[in-house]
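Numbering (the working numbering), first residue to last: 60 to 198.
A short worksheet on the structure shown next.
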């Protein structure tokens, strides 16, 4: 994706059914994290010392990765190849951010790193399930 392609994409941007679906998934991930996971689920798990296989620890990265991927696809994605590229780049970017935590004075959390990579893969599977024919809008 070049700057010229990005500018052209903004100029010709239309709110299509596919964009609405992608944006809805991204916004839903944000809302689930903010109103359920952060306020209810995580405190409950920590308070009762429940072993949820690190889900409470990694739910921020998990839902944040989903939100970032599908929001960007909904806003700037232009076609299947670009969508698939964005899924890979966003997953890699979030993983690199996790690896850069020591620069911010925080430790690297291997569970967050693993959750990010798994979530990126699941987003790829979800995207291909939503658009099985190879091109958004052509089922």
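Cβ coordinates follow ideal geometry from the N, Cα and C atoms, glycine included.
Please read all numbers here as calculations on a predicted model, not as lab measurements.
query, result
"Is DSSP giving residue 171 helix, strand or coil here?", "helix"
"Among 170, 85, 64, which one has its Cα closest to the Cα of residue 112?", "170"
"Kindly indicate the opening and closing residues of the alpha helix (DSSP H) around residue 128.", "114-135"
"Measure the alpha-carbon distance for residue 72 versus residue 79 and round it to whole angstroms.", "13 Å"
"Please tell me whether residue 133 and residue 82 are closer than 9 Å, where the distance is taken between their beta carbons.", "yes"
"Which of helix, strand or coil does DSSP assign to residue 72?", "coil"
"Which same chain residues, not among the five before or five after residue 142, have their C-beta less than 6 Å away from its C-beta?", "132, 136"
"Hey, residue 128 and residue 179: beta-carbon distance below 9 Å or not?", "yes"
"Within this structure, are the beta carbons of residue 154 and residue 121 separated by less than 9 Å?", "no"
"Measure from the alpha carbon of residue 91 to the alpha carbon of each residue in 188, 105, 185, 118, then state which is nearest.", "118"
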